[in-house]
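Reviewing the structure listed below.
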Amino acid sequence: MLNIAQPATGTANGKIILMGEHSVVYGEPAIAIPFPATHTQVTITETEGPVQLDCVYYQGNLSSAPRHLKNLIAVVESTISELKQELKDFRLTIESTIPVERGMGSSAAVAIAMVRALFSYFSTELTDDRLLSLANISETIAHGNPSGLDAAMTSGRHPLYYIKGEPFAPFRLSVSAYLIVADTGLKGQTRDAVASIARLKQENKKLTMDAIHQLGDLAKQAKLAIEANIPVKLGLAMDTAQETLDFLGVSNDTLNRLVRTARTNGALGAKLTGGGRGGCMIALASDKDTAARISAALLDAGAVNTWTHPLGDD
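With full-length UniProt numbering, the residue at position 167 of the sequence shown is 167, and numbering never jumps.
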């Protein structure tokens with residue numbers, strides 16, 4: 001018997017680590033922001049029989065989905081169980097503009113959008129706590145021991161100031177500037193970057209920890225610049241963070257080239273974002289025209305895609 005005739009949708013946005021990647025592991029603060037220029041949407045429609053999945057990686061019965069989608073199967077099964085419904089008679093269609101393995105929260109966004117869509121389809125109220133709890137089932141399978149940051153960011157509208165082991169602290173994003181994100185076309189190599197820092201720490205602990213502490217101080221400066229709406233200071237913090245991350249072995253030639261390109265074309269600041277050794281870089285522009293010029297230059301310099309989003313209240 002069919003349950004509900006009306007389709008339902010759930011959405012989630014991408015996320016960007018603005019400051020503090022890698023140093024956050026050592027107890028320093030990080031800043032993450034929602035990035036609605038990239039997003040994921042899950043649509044649920046009525047069918048008969050086994051649940052169907054339609055996404056870029058697989059089309060067919062959910063129960064037969066390949067192993068690399070097991071986190072997705074888990075969040076669907078857990079949510080259906082929570083809703084006390086039967087796992088049948090609907091189709092799940094996933095559409096996303098968030099690139100995978102780029103540190104932009106793609107797996108968390110799918111989980112968030114999926115839970116939202118299922119609760120909407122079965123006309124059930126969804127609290128934030130319930131949403132994050134269910135989404136983190138997927139994140140635990142995908143990442144082992146997630147901080148919860150990706151799920152919080154892809155479901156939310158406010159930036160978060162984050163220190164390991166402490167509650168997330170939301171704050172207002174009120175900078176009169178634009179953020180450009182550029183995809184290098186290379187998967188982020190977080191594990192290699194972490195290993196590079198560990199090796200450097202073995203060779204020269206003081207120098208390495210000084211750099212880590214500097215990244216923490218820069219994250220604090222960036223938060224103050226955001227709250228005071230001083231884009232130039234935010235850009236300077238980004239530039240200094242990039243030099244420090246490069247020193248730690250987290251950047252690479254492709255990222256460095258795109259960072260230089262952004263600066264040459266008027267960026268207030270530019271740096272890598274996320275795990276490093278690939279993935280994405282970010283640049284700060286004072287206005288929409290400058291952002292467009294930077295975006296075009298980054299594409300000319302080899303970026304495979306760019307996205308731009310205002311950091312103010314608009």
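Just so you know, even glycine gets a beta-carbon here, dropped at the ideal spot from N, CA and C.
Remember, it's a predicted structure, so these values are computed and weren't measured experimentally.
CA-to-CA distance, residue j to residue i, given in whole angstroms
i	j	result
S96	Q41	6 Å
L87	D253	48 Å
Q202	S176	42 Å
A225	P231	7 Å
I137	I112	11 Å
K187	G249	16 Å
V51	T140	23 Å
Y26	A193	14 Å
T306	E21	20 Å
R157	V304	27 Å
P7	L92	10 Å
L218	L200	20 Å
K220	D210	15 Å
V100	A195	22 Å
T244	T43	43 Å
E227	M19	15 Å
S174	G103	23 Å
Y58	I73	12 Å
D287	H213	32 Å
K205	S23	14 Å
D89	Y161	42 Å
T169	T11	It should be noted that the sequence gives Ala, not Thr, for residue 169. Between A169 and T11, the C-alpha separation is close to 23 Å.
N13	M238	23 Å
A241	L215	6 Å
Beta-ladder partner(s) of residue i, from DSSP
i	result
F35	G14
Q52	N61 and R91
H309	L179
V250	DSSP lists no partner for V250.
P170	L160
M153	In the DSSP output, where bridge partners are listed per residue, M153 has none listed.
K271	I282
M19	I31
E46	F90
Q41	T11 and E95
Residue i Cβ short of 7 Å to the ligand ATP heavy atom set
i	result
I163	Because no ligand of any kind appears in the structure shown, any question about the ligand ATP cannot be addressed here.
Own chain residues within Cβ distance below 7 Å of residue i, not counting five before or after
i	result
G165	none
D150	K15, G105, A108 and E139
Sequence-distant residues of the same chain with beta carbon closer than 6 Å to residue i, five excluded per side
i	result
A262	A270, A283 and I294
A297	T261 and N265
A37	W307 and H309
T190	G275
K233	A225
R277	Q189, D192, A193 and N252
Neighbourhood of residue i by C-beta, 8 Å cutoff - its chain only, sequence neighbours within 5 removed
i	result
L134	V75, S78, T79, E82, A111 and V115
R257	A301 and G302
T184	T254, L255, L258, G278, G279, C280, M281, G302, A303 and V304
CB contact check: residue i to chain B, cutoff 8 Å
i	result
A151	Looking at the structure shown, chain B is missing, and only one protein chain is on hand.
Jot down the residue ranges of each uninterrupted beta strand (DSSP E) in the segment 209-243, minimum 3 residues, whole runs only, in chain order.
Counting whole runs of 3 or more residues, the segment 209-243 contains no beta strand (DSSP E) stretch at all.
Does the segment 177-196 come within contact of the segment 281-299, defined as at least 3 CB pairs closer than 8 Å?
yes
Is it true that the segment 62-74 meets the segment 25-32, where meeting means three or more beta-carbon pairs spaced less than 8 Å apart?
Touching, no.
Pairing CB atoms from the segment 112-124 with CB atoms from the segment 56-67, are three or more of them under 8 Å?
no
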